[in-house]
Amino acid sequence: FQDSMYPDDWISYHVGGGLDFSEYVTFFTLRMYPARYNAEGHHIEFIDQIMVTVTYQPPEEPILQDVDVYDLLIIAPEIYHDELTSLCEHKERFGVKTRLVGVSEAIDQMFWEGRDDAEKIKYFIKRSIEEWGISHVLLVGGLKGQSKTWDLPVRYSHVVPPTEQEYAEQSFISDLYYADIYDSLGEFSSWDSNNDDFFADWNEEYKEEMDLYPDVYLGRIPCRNEKEVRIMVDKIINYETDSSDDSWFNNLVLVAGDSYPDASGFNEGELISEKAIEVMPGFNPLKVYASIDDINRRTVNKAMNQGAGFAYFCGHGSPASWSTHFPPDGSTWTTGYNLKDMLPLRNGYKLPITVVGGCHNGQFDVGLFNLLEGIKEYGIKEYFFAEPYRFFYNEWVPNSWAWLLTSKPNGGAIATIANTGLGTHGEDDSDFNGIADYLEVLDGWLELRFLQLYGEDGKSDLGENHGQTMTEYIHRFRDDEEKMDTKMVQQWELFGDPSLRISGYY
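Residue numbers (the numbering used here): 680 to 1185.
Take a look at the structure:
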């Protein structure tokens, strides 16, 4: 133990700039600690009251002008523009002023700004906010087919929690980079405060200055080819305009089991699913619980084929699979739901917004090329038969779990929220309040709050709900010493149209 007080001061705070239900604001979050503990000396200090004086100096002129030229910016490779034209026309019909811009055009227009293509695109989004007033950004494109070349580049975060997760993951994709445009002073949030061209770096030696609050509501459909673009455009248009029987929308598919063999004996996945039912009043729960039956192709597809407004998978994942454990011991695996199990899924246009709790289900830099690169880097023995067993990371599959579910023809999901990196839920009951930490912190808090924004708060803008969830998470949990909470929001990817009207316009 260290001979010092924890926390080290009576108060702490952070400031930031971003959107709060579509309004640009400066955030000031204050934490007060009326009791502090010294572990070495075994004593507690406490105070009766705290007085804090906050001084705010407003800018002489507004940081952002009130402009309203476009609402939605779509950035896509020029090869996809023909397929996206009908989506733009559809959005305009419903009052969403839309601008389609090519990736090359965005990069070329920022020739005087940005060190690489990703930063140039981020600067283009900044200019689009300031000159057009855009609030939503849809990125279209990912890897080209099964190659290593990006149609639309990604930024990797290097926030590395050293001991809090199963292993120290060195990097993961973060599209929050494109959404976090400004810091608390209205300056450009570069995620590279020491200008070493190594972005989002936070390890034992250095911590990057990152605001994290979204300044636009952003999603990506990482299409690898024109066919996937056509599928997504068709899904979005039909979802927002189909006025036929939509009773299926009131279904809520819940897929869960006993996530951890923790000392408290909680059946975490099913507990959080029951809480999801509470925050989604009026929805009909379709339970695919490990306490009832195995979780497999048959049980999941039977529920999904009925159609649902929302689906919630809460357990463990990889780019290729999702699974959980049977209760009561939380150690025996269910069969799970893998990429091949989606092939017979036939829910047609009865498409849910899917939230998946699990590791790497949204890791969309996978591809067959990773098989050859892995063997080259680790050798056949360490790739297949010895630590680190990289073959079993499933980074060689042709598509990630979340994106395949979203882009699947004849069914699947209309949008999916998933982790691009190593996800984490809470374990046990560390604050002894009788509630599993699984529901109260980390991924669990994000997942429940997102569902609650529609279920109880009635918010129907998909991108706003995704962004607002991250904003409120940062308010509640961000700490200058906590890498985990930074990673939680950075890796929480929206695969889908951020301007989507939940349940459609009719």
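No residue lacks a Cβ here, since even glycine has one placed at the ideal position from N, Cα and C.
Here the structure is a predicted model, which is why all the values come from computation and not from measurement.
What are the partner residues of residue i, as DSSP defines its beta bridges?
i	result
Asn963	Asn930
Met711	Ile690
Met684	Asn717
Cys902	BP columns for Cys902 are empty, so no partner.
Ser1000	Asn1017
Thr705	Gly696
Lys886	Trp881
Phe867	Tyr861
Arg1180	Asp1140
Leu822	Trp829
Ile910	DSSP, once it has assigned bridges, lists no residue as partnering Ile910.
Leu897	Val816
Ile852	Tyr835
Tyr968	Ala935
Trp1012	His1004
Just to confirm the assignment, what range does the beta strand (DSSP E) spanning residue i have?
i	result
His722	His722 to Phe725
Ile1032	Ile1032 to Gly1036
Cys767	Segment His760 to Arg772 is the alpha helix (DSSP H) holding Cys767; no beta strand (DSSP E) there.
Tyr1133	No beta strand (DSSP E) contains Tyr1133, which is instead part of the alpha helix (DSSP H) from Leu1121 to Gly1134.
Ala1097	Ala1094 to Asn1098
Ala982	Per DSSP, Ala982 belongs to no beta strand (DSSP E); it is in the alpha helix (DSSP H), Arg976 to Met983.
Gly1142	That residue, Gly1142, is in no beta strand (DSSP E); its alpha helix (DSSP H) goes Leu1141 to Phe1156.
Thr777	Thr777 to Gly781
Ala990	Phe989 to Cys993
Leu817	His815 to Val819
Ser836	Tyr835 to Val838
Determine the contact status of residue i and residue j, defining contact as a CB-CB distance below 8 Å.
i	j	result
Thr708	Tyr892	no
Asp1044	Ile852	yes
Tyr991	Ser952	yes
Gly1146	Leu818	no
Leu822	Lys954	no
Phe928	Ser1182	yes
Leu1084	Thr1099	no
Val979	Asp913	no
Ala999	Asn1073	yes
Leu1018	Val967	no
Ser701	Ser826	no
Val694	Lys1162	no
Leu779	Ile758	no
Val782	Pro1177	no
His1154	Phe706	yes
Arg899	Phe1156	no
Assuming residue i and residue j make a contact with CB atoms under 8 Å, what is their CB distance in whole Å?
i	j	result
Glu947	Ala785	Going by Cβ atoms, the distance from Glu947 to Ala785 rounds to 43 Å, so no, they are not a contact pair.
Asp859	Asp880	So it is not a contact: roughly 15 Å between Cβ atoms.
Thr1013	Ser997	No, Thr1013 and Ser997 are not in contact; Cβ-Cβ is about 14 Å, not under 8 Å.
Leu1030	Ala1092	6 Å
Trp689	Ile742	Not really, about 32 Å apart at Cβ, beyond 8 Å.
Glu884	Arg1180	About 46 Å separates the two Cβ atoms, so there is no contact after all.
By how many angstroms is the C-alpha of residue j removed from the C-alpha of residue i?
i	j	result
Glu768	Val748	16 Å
Pro737	Leu864	10 Å
Pro832	Val746	28 Å
Leu1036	Glu740	The amino acid at residue 1036 is misidentified as Leu; the sequence shows Gly. C-alpha separation (whole angstroms): 43 Å.
Ile910	Gly1090	10 Å
Cys1038	Ser1086	20 Å
Tyr896	Val775	14 Å
Asp941	Ile1059	35 Å
Glu1056	Trp1075	14 Å
Met730	Asp862	27 Å
Phe877	Lys981	46 Å
Gln844	Leu1101	8 Å
Ile723	Ser691	18 Å
Asn1040	Asp1122	13 Å
Asn873	Glu888	9 Å
Ser765	Ala1081	25 Å
Asp1008	Tyr1068	26 Å
Val704	Glu866	14 Å
Ser850	His837	5 Å
Let's see if you can read the secondary structure: which residues bound the alpha helix (DSSP H) around residue i?
i	result
Ala1209	With the chain covering only 680 through 1185, there is no way to say anything about residue 1209.
Tyr856	Leu855 to Ala858
Ser952	Glu947 to Val958
Leu1051	Phe1048 to Ile1059
Glu792	From DSSP, Glu792 is part of no alpha helix (DSSP H); its letter is neither H nor E.
Leu743	Premise fails: Leu743 is in no alpha helix (DSSP H) and is neither H nor E.
Leu1101	Premise fails: Leu1101 is in no alpha helix (DSSP H) and is neither H nor E.
Leu1173	No alpha helix (DSSP H) holds Leu1173; the beta strand (DSSP E) holding it covers Trp1171 to Phe1174.
Leu1083	Trp1080 to Ser1086
Less than 7 Å separating the Cβ of residue i from some heavy atom of the ligand GTP?
i	result
Arg903	The model on display carries no ligand, and the ligand GTP is accordingly not part of it.
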